[in-house]
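J.:
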Amino acid sequence: MYPLAGIDFEAPSHAVAQQLIGVTVLVDGVGGRIVETEAYDRDDPASHTFNGPTARNAPMFGPPGVAYVYRSYGMHWCLNFSCREVGHGAGVLIRALEPTEGIAHMRARRGTDDLRLLCSGPGRLAQALAIDGTLSGRPLAVAPFALLPRGAAAGELHVGPRIGISKAVEVPWRFGEKGSRFLSRAFPAVRRP
DNA sequence: TCGCCGATGTTCT
DNA sequence: GAACATCGGCGAT
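Our numbering applies: residue 140 is where the first sequence begins, and numbers increase by one.
#1: Out of Arg263, Ser152 and Ile146, which has the shortest C-alpha to C-alpha gap to His227?
#2: Could you tell me whether the region 312-329 touches the region 191-199, using the rule of 3 or more Cβ pairs below 8 Å?
#3: Looking at the structure shown, is Phe326 part of a helix, part of a strand, or coil, going by DSSP?
#4: Quick one: grab the DSSP three-state call for Leu274.
#5: CB-CB under 6 Å to Leu264, same chain, minus the five flanking residues each way: which ones, in chain order?
#6: Is the separation between the beta-carbon of Glu309 and that of Val231 shorter than 8 Å?
#7: Using DSSP's beta-bridge definition, name the partner residues of Glu295.
#8: Exposed or buried, Leu322, counting other C-beta atoms within 10 Å across all chains shown (16 or more means buried)?
#9: From what residue to what residue does the beta strand (DSSP E) around Ile173 run?
#10: Under 8 Å, do Arg289 and Val162 count as touching if we go by C-beta distance?
#11: Alpha helix (DSSP H) containing Ile242: first to last residue?
#12: What residue range is occupied by the uninterrupted beta strand (DSSP E) comprising Phe314?
#13: Just tell me which of Leu218, Leu279 and Tyr179 has its CA closest to the CA of Gly145.
#14: With distances taken from CA atoms, which of Tyr179, Thr239, Ala185 and Leu256 is nearest Lys306?
#15: Can you tell me whether Leu254 is helix, strand or coil according to DSSP?
#16: Rounded to whole angstroms, what is the Cα-Cα separation between Arg331 and Leu143?
#17: Identify which residue in Ala150, Leu159 and Ala328 has its Cα closest to the Cα of Arg286.
Shown next as structure tokens:
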């Protein structure tokens, strides 16, 4: 067990992704409550770890509870947390936060005053928290990162397919806090039988 | 409100 | 050389 902010980072990525909803993540004191995540795992064609270890994805093959940051479409950074045991190759993409701390910094970095546009999407939240590739491989337990346990109320979760991928599109490993205004996109309505 | 499209750079084949 | 875990602007509805 690798506990951090009350989360067992050695659990499977889909379990960690659900536990992370409601946890507060800060970088140099700026951030908010996680409201949306996606799980990725080895043996998952959509995962960066599917084809084995490389220089880029090394943090996901290392110890649990470490940041994996990659560049997306040449212009955005995306933040993940490694999980599972050393050598497994799994992680959770942090897709959206509810802004709570350092909102003035986030507004300046994002160039908007609209709270809903600060951290509602993986690229947006990375920009708001000033996350870049230099943070990849850094443990979440030490500065500049900080993780704060979620409050007592564990609200209901949305579950659905992951966003923006072309493989394993049907795997329901996207999770979101039901009722949150800060999701990157609405969850698809549940299909009627 | 929705959908298309271009920007832009790294990674891996 | 293709693919890409995205975003914002634009025009159509």
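Even for Gly, the Cβ is constructed at its ideal location relative to N, Cα and C.
T.: Let me lay it out:
#1: Ser152
#2: no
#3: coil
#4: helix
#5: Leu236 and Cys258
#6: no
#7: According to DSSP, which records beta bridges pairwise, Glu295 is partnered with nothing at all.
#8: buried
#9: Val169 to Tyr179
#10: yes
#11: Ile242 to Arg249
#12: Arg313 to Glu316
#13: Leu279
#14: Ala185
#15: helix
#16: Confidence is the limiting factor: at Arg331 the pLDDT is only 47, short of 50, which leaves the residue's position unreliable and the question unanswerable from this model.
#17: Note that residue 286 is Leu in the sequence shown here, rather than Arg. Residue Leu159 is the option with its Cα nearest to Leu286.
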